[in-house]
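Trainee:
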Amino acid sequence: MKRRNFLASSPFVASAFSEPVTRWLVSPTEPMTAQPGRTSVGRAHIEELREAADSARVWDSRFGGSGWKSQSLTAYLYERVTPLLRGRFSEGVGRDLFSVTAEMARLAGWTAFDAGQQHAAQRHYIQSLRLAKAGGDANLGSYILSSMAMQAMMRGFTSQAIDMAQGAYERVPSADPRVLGFAKLIEARAHARDGDTRSACGCLALAERLQQYGEAEASGSLTWIDFFTRQRIVTDAAEIFRDLGNPKATFAWHAMGEMPGDAFARSRGIRLSVLASAYAQQGELEHSLRLGRTSLRLFSRLQTVRGIDYIKIFTNSLRPWNREPAVAGYLREVRTLATQPTLA
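Numbering (numbering that gives the first Met the number 0), first residue to last: 0 to 343.
(1) Assign T234 to one of two classes, buried (16 or more other C-beta atoms within 10 Å of its C-beta) or exposed (fewer than that).
(2) State the DSSP-derived secondary structure class of R122, mapped to helix, strand or coil.
(3) Hey, how far is the Cα of S316 from the Cα of G155?
(4) So the alpha helix (DSSP H) V20 belongs to, where does it begin and stop?
(5) State whether the stretch 29–46 contacts the stretch 74–87, with contact taken as three or more CB pairs (one from each stretch) at a distance under 8 Å.
(6) Could you pull the start and end residues of the alpha helix (DSSP H) that M147 belongs to?
(7) By the three-class DSSP mapping on this structure, what secondary structure does Q34 have?
(8) Do you know offhand how far R229's Cα is from G180's?
(9) In whole angstroms, what is the alpha-carbon distance linking C202 and L184?
(10) Can you list, in chain order, the residues of its chain with a C-beta nearer than 7 Å to that of G250? Leave out the 5 residues immediately preceding and following it.
(11) How far does the alpha helix (DSSP H) with D225 in it reach, from first residue to last?
(12) Which residues in the same chain as E102 place their Cβ atom closer than 6 Å to its Cβ, once the five residues preceding and following it in sequence are excluded?
(13) Given a cut-off of 7 Å, decide if G213 and P172 are closer than it, judged by their beta-carbon atoms.
(14) Considering only the alpha carbon of each residue, which of A120, R105, T32 lies closest to F11?
(15) According to DSSP, what are the bridge partners of R56?
(16) Mind checking L295: buried by the 16 CB within 10 Å criterion, or exposed?
(17) Assuming L243 contacts G306 under a Cβ cut-off of 8 Å, what Cβ separation, rounded to an integer in Å, is found between them?
(18) Taking 7 Å as the threshold (C-beta atoms), are A327 and L288 in contact?
Here it is as structure tokens:
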């Protein structure tokens, strides 16, 4: 097997996070010293990298991690950014350089995760956490750790996810409230996957308060956390109550926010899948299958491997009707999707 194919198909290994997470928890930042490299790195380089990071983030939010532009982010990191890290820069420029590179590496991890490349995602996340530490950026380090917790949670390692999310929240109490709120939101989702209603609801309520406070106090300097809005709370809360088997609460949260538009196809597909599962939990098969099919076709068009997790959850909710012709037809569509090379 070719090394690239092996890395793309390697499974998530929770223990791979142990050492880098422990090191960050011991000390989230480290001193920055000026570097004597050949290439002089200045503010123009930092602005270029920030623009590249913003562009990649917008692309990912609309199209997911399997698109060509998301995949090119890794090449950009190695070919353009790595030489700058070996360059000559002042302490201030160095901190900004390491921080924006950490942000880009985190995004590379997220897009790899969305594309189903679990091992590659872990490598990017670990590197991102180290870069944030080197840049003295505790806010970003906390956010990266929460992202790592989300990957662990989505791969079924809920206990590890809870520990990491709690570490992201507790280790940097002075972090931006939105950063802390995101950590609590991920912890809430992990508790929901464990079926712990009380803990999930407690964390969700705290995430809500922190999001509201952070939005009111936001200075605009941390653009990478701007996604953490009321709409994000609504989206994740709907998933939390789906996992807790409470469809009424899922629909109530859904009603509090707008359905993501066509421009954000991945988010729309996820929401439709969550609602489809909630309808199945209520025994409304017709509504459930209609939304489930729409979601399935969106995931198929986007070729987002992460969508398979949502498809599996919805498919499991259909078990009481496995003998129904309509359900059998849907399951045939799922099997057809599973044979596609990008999703197999």
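Note that beta-carbon positions come from the ideal geometry of N, C-alpha and C, so glycine has one too.
Mentor: Judging by the given coordinates:
(1) Looking at its Cβ environment, which holds 16 or more other Cβ atoms inside 10 Å, T234 is buried.
(2) Here R122 sits in helix by DSSP.
(3) For S316 and G155, the distance between alpha carbons rounds to 18 Å.
(4) Annotation: the continuous alpha helix (DSSP H) that includes V20 extends over 17–25.
(5) Taking 8 Å as the limit for Cβ pairs, the verdict is that the stretch 74–87 does touch the stretch 29–46.
(6) Start and end: 137–153.
(7) Of the three classes helix, strand and coil, the one that applies to Q34 here is strand, per DSSP.
(8) Answer to the nearest angstrom: the Cα atoms are 11 Å apart.
(9) Just so you know, the alpha carbons of C202 and L184 end up roughly 6 Å apart.
(10) Note on residue identity: the sequence assigns Phe, not Gly, to residue 250. Once the five neighbours on either side are set aside, the close Cβ partners of F250 are A277.
(11) Per DSSP, D225 belongs to no alpha helix (DSSP H) and is neither H nor E.
(12) Once the five neighbours on either side are set aside, the close Cβ partners of E102 are A52, W223.
(13) No. Outside cutoff.
(14) Of the candidates A120, R105, T32, the residue whose Cα lies closest to the Cα of F11 is A120.
(15) DSSP output for R56 lists no bridge partner at all.
(16) Taking every protein chain shown into account, the CB of L295 has 16 or more other CB atoms within 10 angstroms, so this residue is buried.
(17) In this structure L243 does not touch G306 by the C-beta definition: roughly 22 Å separates them, more than the 8 Å allowed.
(18) No Cβ-Cβ contact shorter than 7 Å links L288 with A327.
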